[in-house]
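The opening residue of the sequence shown carries number 134 in my numbering; numbering runs sequentially from there. Glycine included, every Cβ here is placed at the ideal spot set by N, Cα and C. Here is the structure we will look at, set down as structure tokens.
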Amino acid sequence: MELRQIKYFLEIVRCASFGQAAEKLHVTQPALSKSIRNLEQSLGVLLLERHPVGVVPTEYGKVFMEYAALITGEIDRAVEEIGQLKGTGRGIVRVGAGATMMQYLIPQAVRAFVANDDSAVVTFRQGLRDELIASLRRGEVDIVVGSIGGLGHDDDFRQEVALHDEIVVVANRDHPLAGKATVEIAEFAKYKWVLPDGTEGERNRLTRVLRTAGLPPPTCVISTPSSTFMATMLQEGEYLSYLPRALIQLDREYEHLVPIAVDTPIWDKVTVGVTYRRRGVMLAPVRKFINRLIEVGQSIESRTEVPLARSA
Numbered sequence: 134m135e136l137r138q139i140k141y142f143l144e145i146v147r148c149a150s151f152g153q154a155a156e157k158l159h160v161t162q163p164a165l166s167k168s169i170r171n172l173e174q175s176l177g178v179l180l181l182e183r184h185p186v187g188v189v190p191t192e193y194g195k196v197f198m199e200y201a202a203l204i205t206g207e208i209d210r211a212v213e214e215i216g217q218l219k220g221t222g223r224g225i226v227r228v229g230a231g232a233t234m235m236q237y238l239i240p241q242a243v244r245a246f247v248a249n250d251d252s253a254v255v256t257f258r259q260g261l262r263d264e265l266i267a268s269l270r271r272g273e274v275d276i277v278v279g280s281i282g283g284l285g286h287d288d289d290f291r292q293e294v295a296l297h298d299e300i301v302v303v304a305n306r307d308h309p310l311a312g313k314a315t316v317e318i319a320e321f322a323k324y325k326w327v328l329p330d331g332t333e334g335e336r337n338r339l340t341r342v343l344r345t346a347g348l349p350p351p352t353c354v355i356s357t358p359s360s361t362f363m364a365t366m367l368q369e370g371e372y373l374s375y376l377p378r379a380l381i382q383l384d385r386e387y388e389h390l391v392p393i394a395v396d397t398p399i400w401d402k403v404t405v406g407v408t409y410r411r412r413g414v415m416l417a418p419v420r421k422f423i424n425r426l427i428e429v430g431q432s433i434e435s436r437t438e439v440p441l442a443r444s445a
């Protein structure tokens, strides 16, 4: 088995086509097909199948794909580290994070990181948690920043805590509920909701709590991936939503919002941190970035332990 064959295989899977993969790899299609046949013969299994929708991996191919991505990723990191040792290369920190983390935790961590070490480049992949964990497993990112836990007994990963936060119901400062010390959960039924996409867990939890109280699920009139649009809608109407407490206290985009204290607990505390592969080789810049992230997280938590005063 040759490294070239592994890279060829991954490119075919990405393109779902021998022809397109051959163009990207700058090889002829017959040469590419022969290389894959040799790879399959060495393994004794069929890795790829042609379907009307394109070339897809077989069950054997899916297993091989996970390890192939890890192999090529680790080799790329080895080349990077050798380049750093020679003084001819810059380190790369590949970070995966959700939209919320990209708004308040990640920017501060990056500023702290580059202030102490500008020899590395930080790149980002934004997405949903399950997608990012899959990317981490394939070696496409070095770390995933976001809520931690929920991986069960998965021995492939390790996690470190950066801060503890909480999800709170929020509204505009002029909202009728904003001036109350405590709100009965039944009052939520009077208002419509603007909810962020990609938060099905939080939304389902809110629905369960409302139903337990004998109330209908939240009336969602707007579901949006845009935090800016959501903040604007909350500012201009008597809507409700939910966000991390730290975000609304630290991000100016949300300075017109306040948390609404409710008489019924809805969400558990959220533990935010970093997830990385247990068996992968961690380069020095990645470890430094994790350290800065944890320091920033602890600083944020110390500044957001006391709830904001509400408007009268």
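DSSP links Y375 through a beta bridge to V302. Runs of the beta strand (DSSP E) lying entirely within the stretch 285 to 371, each at least 3 residues long, are 290 to 305, 325 to 329 and 352 to 357 in chain order.
A check of alpha carbon separations from L426 across A379, I204 and F246 identifies F246 as the nearest.
For E369, the closest of D307, S356 and R378 by C-alpha to C-alpha distance is D307. Looking at the backbone, the Cα of F290 and that of R410 are separated by about 4 Å. Pairing V303 with V391 gives a Cβ-Cβ distance under 8 Å. In the DSSP assignment, E156 falls within the unbroken alpha helix (DSSP H) covering F151 to L158. Counting only the Cα atoms, M234 lies some 12 Å from V429. For the pair A417 and I355, the Cα-to-Cα distance works out to about 44 Å.
Of the candidates V186, D298, D209 and V226, the residue whose Cα lies closest to the Cα of Y237 is D298.
A253 sits in a strand when the DSSP states are folded into three classes. In this structure, DSSP gives A211 a helical state, which the three-state scheme calls helix. In this structure, the alpha-carbon of R344 lies about 12 Å from that of R336. Per DSSP, the beta-bridge partners of E182 are V189.
DSSP places L261 in no beta strand (DSSP E); its state is neither H nor E. With respect to the 8 Å criterion, G282 and A230 are not classified as neighbours on the basis of their beta carbons. Straight through space, the alpha carbons of L296 and V226 are spaced by roughly 21 Å. Secondary structure at A230: strand, using DSSP grouped into helix, strand and coil.
Y324 is the residue among E156, S360, Y324 and R385 whose C-alpha sits nearest the C-alpha of L373. A364 is a Cβ neighbour of E386, given a cutoff of 8 Å. In the same chain as P190, and ignoring 5 residues on each side of it, the C-beta atoms closer than 7 Å to its own belong to V146, L180, L181 and M198, in chain order. Shortest Cα-Cα distance from A267 to any of K421, T408 and S435 involves T408. At a Cβ-Cβ threshold of 8 Å, L136 and F151 do not count as neighbours. Taking 8 Å as the cut-off, the Cβ atoms of L265 and R258 count as close.
With contacts defined by Cβ atoms closer than 8 Å, L328 and E320 do not form a contacting pair. Here DSSP, grouped into helix, strand and coil, assigns V414 to coil.
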